[in-house]
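A quick write-up on the structure given underneath.
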Amino acid sequence: MSTAFEAALKVRNAADYADFLFPHLHDDFHVLDVGCGGGTITLGLAERVAHVIGVDPSEGELADVRRYAAEHQIENVEFRVGSVYGLDFPSGNFDACLCHSTIETLSRPLDGLIEIQRILKPGGVLGVACVEYGGLILAGPNDEVIRRFYAVRERVWQLENAADPYLGRRLRGLLKRAGFERVIATAKYFSYGSSEDVQSFGLARAEDCRDPWYASSAKKHGLATAQDLDAMSEAWVEWSSSPEAYAAFAWCRALGWKQL
Numbered sequence: 044m045s046t047a048f049e050a051a052l053k054v055r056n057a058a059d060y061a062d063f064l065f066p067h068l069h070d071d072f073h074v075l076d077v078g079c080g081g082g083t084i085t086l087g088l089a090e091r092v093a094h095v096i097g098v099d100p101s102e103g104e105l106a107d108v109r110r111y112a113a114e115h116q117i118e119n120v121e122f123r124v125g126s127v128y129g130l131d132f133p134s135g136n137f138d139a140c141l142c143h144s145t146i147e148t149l150s151r152p153l154d155g156l157i158e159i160q161r162i163l164k165p166g167g168v169l170g171v172a173c174v175e176y177g178g179l180i181l182a183g184p185n186d187e188v189i190r191r192f193y194a195v196r197e198r199v200w201q202l203e204n205a206a207d208p209y210l211g212r213r214l215r216g217l218l219k220r221a222g223f224e225r226v227i228a229t230a231k232y233f234s235y236g237s238s239e240d241v242q243s244f245g246l247a248r249a250e251d252c253r254d255p256w257y258a259s260s261a262k263k264h265g266l267a268t269a270q271d272l273d274a275m276s277e278a279w280v281e282w283s284s285s286p287e288a289y290a291a292f293a294w295c296r297a298l299g300w301k302q303l
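Using my numbering, read the sequence shown as starting at 44 and increasing by one per residue.
Written as structure tokens, this is what we have:
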């Protein structure tokens, strides 16, 4: 198993990212994780319930987690390729669903939520979460340069129809429109304020500046030159070792229940 996956398992875990759903899960539940990505959160859910299925549109995302589950004999979890617009399950099949970092990437988020409601049992619960760019907090050196990184990423997401950086604040309304009841919307901050966390976060953002999709999209839309991207990457490297560096992101979350 790759060290990269092991590291991701520690950083992107269910204890941090699915904690708002935990109080509503029971050990006999069958759970769907829609848009599971690398599956690290899915594995954490599997520790608490009878069975979990992770679904993601990308087959490539699932290779490492499938290997990890097989090597560690985790038998109550499986991973499938699929789309939130057409989940390959009967209606009323799951007790609960997690949808993390996915709804904001959809061109038709309401349709996705309606499809999720279909596969839930009556009384079943959905937990959905999206990053919220309006809640970004940054401090440290090169403030203007590293903020530009996020300004560019925000516009790239919008221009490429990749994600809505402000959809999180609309989750309560979207769940209600999709027919969910007893909807509760909250937010949680993820903070990077220790030397280890700052270094990991900053170096990861430095790598993001050189990501082929981000870089090519930024240049295509005239948002940044190659020199700009190099400067942002170097700024993040400097930021990552600064004792004054701090970052925090808001994640908007919502819980909703299917009508009994």
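Heads up, the beta-carbon is just placed ideally off N, CA and C, and yes, glycines get one too.
Open item on the list: Looking at the secondary structure, which residues open and close the beta strand (DSSP E) in which P165 lies?
Closed with: 163 to 182
- [ ] Hey, could you find the ends of the beta strand (DSSP E) G299 is sitting in?
- [x] 289 to 300
- [ ] Rounded to whole angstroms, what's the CA-CA distance from L272 to A206? Just pull it up for me.
- [x] 21 Å
Task: Inter-residue Cα distance where the pair is E114 and V108 - done: 10 Å
Task: Cβ neighbour criterion (16 or more within 10 Å) applied to W256 - done: exposed
Open item on the list: Report the start-end ranges of each beta strand (DSSP E) in the region 72 to 140 that is 3 residues or longer and not cut off at the edges.
Closed with: 73 to 77, 94 to 99, 120 to 124
Task: Residue range of the unbroken alpha helix (DSSP H) whose run includes E49 - done: 46 to 54
Open item on the list: Do I162 and A221 count as a contact pair if the criterion is CB distance below 7 Å?
Closed with: no
Open item on the list: Applying the 10 Å Cβ sphere with the 16-neighbour rule, what's the burial state of N204?
Closed with: exposed
- [ ] Report yes if the C-beta distance between E147 and L75 is below 7 Å; otherwise report no.
- [x] no
Task: Run of the alpha helix (DSSP H) containing E224, from where it starts to where it stops - done: Segment 224 to 235 is the beta strand (DSSP E) holding E224; no alpha helix (DSSP H) there.
Task: Burial state of P66, where buried means 16 or more other Cβ atoms lie within 10 Å - done: exposed
Open item on the list: If we require 4 or more residues per run, which alpha helix (DSSP H) segments fall completely within the region 192 to 271?
Closed with: 214 to 220, 238 to 251, 255 to 263
- [ ] Please report how far the alpha carbon of F132 lies from the alpha carbon of N56, in whole angstroms.
- [x] 26 Å
Task: C-alpha gap between R212 and S285, whole angstroms - done: 32 Å
Task: From D70, V77, H73, I84, residue whose alpha carbon lies closest to that of A50 - done: I84
- [ ] Might you give, ordered along the chain, the residues of its own chain that have their beta carbon closer than 7 Å to the beta carbon of L217, omitting 5 neighbours on each side?
- [x] P152, L153, L156
Open item on the list: With distance defined between alpha-carbon atoms, name the residue in H143, A89, P208, L202 nearest to S260.
Closed with: L202
Task: Alpha-carbon to alpha-carbon, S126 and A93 - done: 23 Å
TODO: Check whether the Cβ atoms of E224 and Q302 sit closer than 7 Å, and answer yes or no.
DONE: yes
Task: Own chain residues within Cβ distance below 6 Å of H264, not counting five before or after - done: L202
Task: A58 versus G87: straight-line alpha-carbon distance, rounded - done: 7 Å
Open item on the list: Tell me the DSSP secondary structure of H143 in three-state form.
Closed with: strand
Open item on the list: Does the structure place the region 164 to 171 close enough to the region 238 to 251 that three or more beta carbon pairs sit under 8 Å?
Closed with: no
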